[in-house]
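Written below as structure tokens is the structure these notes are about.
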Amino acid sequence: MSELVISIRGLRKSYGETEAVRGIDLEVNRGEVFAFLGPNGAGKTTTVEILEGYRKRSGGEVSVLGEDPERAGREWRGRIGIVLQSCRLDPYLTARESLSLYAGYYANPRPVDEVIELVGLEGKADERTGKLSGGQQRRLDVGMALVGDPELLFLDEPTTGFDPAARRQAWETIAGLRDLGKTVFLTTHYMDEAQRLADRVAILAGGRVVARGAPEELGDRDNQPTVITYRGPEGEVSLTTTTPVETLNELTGRALAEGFALEGLEVKRPSLEDVYLELTDRNNGAVEQGVPLP
Amino acid sequence: MILHQFRYDQKAFWRNPASVFFTVAFPVVLLLIFATVFDGQTIEVDGGVEITAYYVPAIITLAVISATMQSLAMSLVIAREDGRLKRGRGTPMPAWVFIAGRVGNSIVTALMMLALIAVLGRVLYGVAIPWDELPAILITLVIGAAAFSCLGIALTAAIPTQDAAAPIVNALLLPLYFLSGIFIPDDELPSGVIEFANHFPIRDFFQAFFNAYLPGGDSGLDWGNLTVVMIWGVAGLLLAIRFFRWTPRSG
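Chains A and B supply the protein sequences, listed in that same order.
Residue numbers for the first sequence, in the working numbering: 1 to 294.
Residue numbers for the second sequence, in the working numbering: 1001 to 1251.
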């Protein structure tokens, strides 16, 4: 059950003198949601556009659905779906017409009404796309990528610039893709997005993968010490421990016995955000040399 | 698949107020203005023709260029900068199908404009529709429409942003319409102007179309001017193949 859908070995990409991608190795299994997390300019879009066949790589090996994207043909394109980072729709066609137009490009499209339901646009199907809100347009973008019933979906920053409600709706749509059995390759610079949607995450900084794993294990978060803070008789206290259960038991026992309150008690594990900031900061030098993506 | 693409292109075209205005309404308005202002004059071309008989083929020429070169250059740049061309390239649809759909859309619109202006000219100004010349008229129109479509696609490479599309296209075409005798009749233009306009394909297409449209004459197909139009078209095609891009220039 670990069939490889994407496999990348030593991927490099330079624009003139600058190296945007500096040797990436990655594997994505069938049916998983994989998030590529990193700050702007880390090389996310460059990498995903190489996987989609839009850009040529400078070095390394890439296989997507068993083919090299640079040489893959129409049949291969029919098996992938692409949601670009920024792309508008024809404002003079309705949502349903836009989907029907794209359905005509594929050999075995998914029925248009089914796609409309999947992305939750039932009430808006006959509105011109120019009249849809940003969040609705983005869900239609996902629909346009789904209409060919692809095995693999690329989503490049699907919720950048969204208000919280629109993000939540987009997340529900993306989470629904997993239930359809699709493999999803997602780029994002939001930690919560990766945490919420992805089975596995790779953090990219300065064109290199600096951490990878399940969201809860990233940066060895499982084994990082826990920090306990409180105000007691001796004032502000901060304890760092690798055995939080024992430490807390001891602490509350002492508080009960001696009759003091543990005011402002907090027990903190490093969040994904802490790990992410720590990792990308450590690689900041490299980030600054990175080129802004065209 | 081309037909599928063409159907949706037609839909989007007719719903777009800007494209309908520039391609359909603008030529009609120009015909009404010129025919009214210069009513009753004769033009010293081909032994003297009524001014209205001059303007009908002139405005059809303009409408054909507008439906092809102008409309394609603008709509393709907008679609490119929207990222719509890039999105299309990520699907199994072959590139040529997309282009064929758009060019087909332009040529069909040009044919509709031929019918519309010819009928208006007949009804309003009594300019006979030269049925005998129909084969020559259609061949000339399709050659011109194809050539100016290629030029329009090639022109997109020189247009960096959506905002620049209309100014660049108009700055190029409007003066040439004037200089080529489409707005102001031939015999009122200094010969130097005509000389200059002869370097550009609008003048050649206009002459070829005028000769085809002129009733009774033995002119028919004007292969001399049509060859020049075709050479421009092929040049446009080569430039388009070399320089056309699917991905946005900005952003």
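C-beta: ideal position from N, C-alpha, C; glycine also.
Residue i: contacting residues in chain B (beta-carbon distance under 7 Å)
{"i": "A/E52", "result": "G1090"}
{"i": "A/Y15", "result": "Within 7 Å Cβ-Cβ: nothing; A/Y15 doesn't reach chain B, min ~14 Å."}
{"i": "A/L177", "result": "The premise fails here: A/L177 is roughly 17 Å from chain B at the closest Cβ pair, so nothing lies under 7 Å."}
{"i": "A/L93", "result": "Y1008, K1011, A1012"}
{"i": "A/R167", "result": "Correct list: empty, because the minimum Cβ distance to chain B is about 21 Å."}
{"i": "A/R269", "result": "By Cβ distance, chain B contributes nothing, its closest Cβ being about 39 Å from A/R269, past 7 Å."}
Whole-number beta carbon distance between residue j and residue i, since they are thought to touch under 8 Å
{"i": "A/L93", "j": "A/R128", "result": "7 Å"}
{"i": "B/V1037", "j": "B/D1186", "result": "About 17 Å; that fails the 8 Å criterion."}
{"i": "B/T1140", "j": "B/F1209", "result": "5 Å"}
{"i": "B/M1289", "j": "B/V1024", "result": "This structure does not reach residue 1289 of chain B, given that chain B is present from 1001 up to 1251, and the question cannot be answered."}
{"i": "A/G235", "j": "A/L262", "result": "No, A/G235 and A/L262 are not in contact; Cβ-Cβ is about 13 Å, not under 8 Å."}
{"i": "A/A205", "j": "A/L279", "result": "6 Å"}
{"i": "B/Q1162", "j": "B/I1078", "result": "5 Å"}
{"i": "A/L118", "j": "A/G176", "result": "6 Å"}
{"i": "A/L140", "j": "A/V184", "result": "Actually they do not touch by this definition, with Cβ atoms about 17 Å apart."}
Beta-carbon proximity of residue i to residue j, cut-off 8 Å
{"i": "B/G1152", "j": "B/Q1070", "result": "yes"}
{"i": "A/V209", "j": "A/A198", "result": "no"}
{"i": "A/A145", "j": "A/G81", "result": "yes"}
{"i": "A/A35", "j": "A/A194", "result": "yes"}
{"i": "A/R212", "j": "A/R221", "result": "no"}
{"i": "B/I1182", "j": "B/F1206", "result": "yes"}
{"i": "A/V28", "j": "A/I50", "result": "no"}
{"i": "A/R254", "j": "A/T226", "result": "no"}
{"i": "A/V48", "j": "A/G207", "result": "no"}
{"i": "B/G1088", "j": "B/I1002", "result": "no"}
{"i": "B/A1197", "j": "B/S1180", "result": "yes"}
{"i": "B/Y1054", "j": "B/I1065", "result": "no"}
Neighbouring residues, chain A, relative to residue i (Cβ below 8 Å)
{"i": "B/H1004", "result": "L101, G104"}
{"i": "B/M1001", "result": "G104, Y105"}
Nearest to residue i (by Cα), restricted to the options the options
{"i": "A/I228", "options": "A/G235, A/R221, A/E234, A/L239", "result": "A/L239"}
{"i": "B/A1240", "options": "B/D1204, B/I1043, B/S1149", "result": "B/S1149"}
{"i": "B/G1233", "options": "B/A1073, B/A1146, B/R1080", "result": "B/A1146"}
{"i": "B/Y1177", "options": "B/D1204, B/L1155, B/A1164", "result": "B/D1204"}
{"i": "B/R1102", "options": "B/I1231, B/P1201, B/K1011", "result": "B/K1011"}
{"i": "A/L89", "options": "A/Q136, A/T247, A/L177, A/E151", "result": "A/Q136"}
{"i": "A/E17", "options": "A/E151, A/S86, A/S58, A/L4", "result": "A/S58"}
{"i": "B/S1019", "options": "B/P1215, B/S1075, B/A1157", "result": "B/S1075"}
{"i": "A/G143", "options": "A/A95, A/Q169, A/R168", "result": "A/A95"}
{"i": "B/L1237", "options": "B/R1249, B/D1222, B/T1156", "result": "B/T1156"}
{"i": "A/S98", "options": "A/V147, A/S86, A/D156", "result": "A/V147"}
{"i": "A/L37", "options": "A/T242, A/M191, A/P244", "result": "A/M191"}
{"i": "B/F1027", "options": "B/L1179, B/L1120, B/G1224, B/V1229", "result": "A quick correction: the sequence has Pro, not Phe, at residue 1027 of chain B. Per the Cα distances, B/L1120."}
{"i": "A/L218", "options": "A/V115, A/D274, A/R77", "result": "A/D274"}
{"i": "A/E151", "options": "A/G78, A/Y276, A/R55", "result": "A/G78"}
{"i": "B/D1009", "options": "A/G60, A/P91, A/R55", "result": "A/P91"}
{"i": "A/Y276", "options": "A/E266, A/A257, A/E216", "result": "A/E216"}
{"i": "A/A214", "options": "A/R74, A/T160, A/V33, A/N249", "result": "A/V33"}
{"i": "A/A166", "options": "A/E157, A/R178, A/R138", "result": "A/R138"}
{"i": "A/R74", "options": "B/P1215, B/A1095, B/I1059, B/L1062", "result": "B/A1095"}
{"i": "A/E3", "options": "A/G10, A/Y15, A/V64", "result": "A/V64"}
{"i": "B/A1128", "options": "B/F1244, B/P1057, B/F1243, B/L1032", "result": "B/P1057"}
Outcome for residue i when other beta-carbon atoms lying within 10 angstroms are tallied against a minimum of 16
{"i": "B/W1131", "result": "exposed"}
{"i": "A/V287", "result": "At A/V287 the pLDDT is 42, less than 50, meaning the model places this residue with poor confidence; the figure from the coordinates comes in the next sentence. Burial call: buried."}
{"i": "B/N1211", "result": "buried"}
{"i": "B/A1118", "result": "buried"}
{"i": "B/P1160", "result": "exposed"}
{"i": "B/H1199", "result": "exposed"}
{"i": "B/V1029", "result": "exposed"}
{"i": "A/T45", "result": "buried"}
{"i": "A/N108", "result": "exposed"}
{"i": "A/G66", "result": "exposed"}
{"i": "B/F1098", "result": "buried"}
{"i": "A/G290", "result": "Because the pLDDT at A/G290 is just 40, under 50, the model does not fix this residue reliably, and the value given afterwards should be weighed accordingly. Its Cβ being crowded by 16 or more others within 10 Å, A/G290 is buried."}
{"i": "A/V115", "result": "buried"}
{"i": "A/P292", "result": "For A/P292, the predicted model reports a pLDDT of 43, less than 50, meaning its position is unreliable; a value from the coordinates is still stated below. Label assigned to A/P292: exposed."}
{"i": "A/K56", "result": "exposed"}
Residues that residue i contacts on chain B, provided the C-beta gap is smaller than 8 Å
{"i": "A/I116", "result": "Result: empty, since nearest Cβ-Cβ is about 17 Å, beyond 8 Å."}
{"i": "A/E97", "result": "Y1008, K1011"}
{"i": "A/G148", "result": "T1091, P1092"}
{"i": "A/R88", "result": "D1082, G1083, R1084"}
{"i": "A/R138", "result": "Residues of chain B passing the Cβ test: none, with the nearest at roughly 13 Å."}
{"i": "A/R110", "result": "Within 8 Å Cβ-Cβ: nothing; A/R110 doesn't reach chain B, min ~14 Å."}
Proximity test, residue i beta-carbon vs the ligand COA heavy atom, cut-off 7 Å
{"i": "B/G1236", "result": "This structure lacks the ligand COA; in fact it carries no ligand of any kind."}
Under 9 Å from the C-beta of residue i: neighbouring residues of chain B
{"i": "A/G78", "result": "T1091, P1092"}
{"i": "A/L84", "result": "G1083, K1086, R1087, G1090"}
{"i": "A/R71", "result": "The premise fails here: A/R71 is roughly 15 Å from chain B at the closest Cβ pair, so nothing lies under 9 Å."}
Under 7 Å by beta carbon: chain A residues contacting residue i
{"i": "B/N1016", "result": "Y92"}
Short CB-CB distance (under 8 Å) between residue i and chain C
{"i": "A/R96", "result": "You won't find chain C in this structure, because its protein chains are A and B."}
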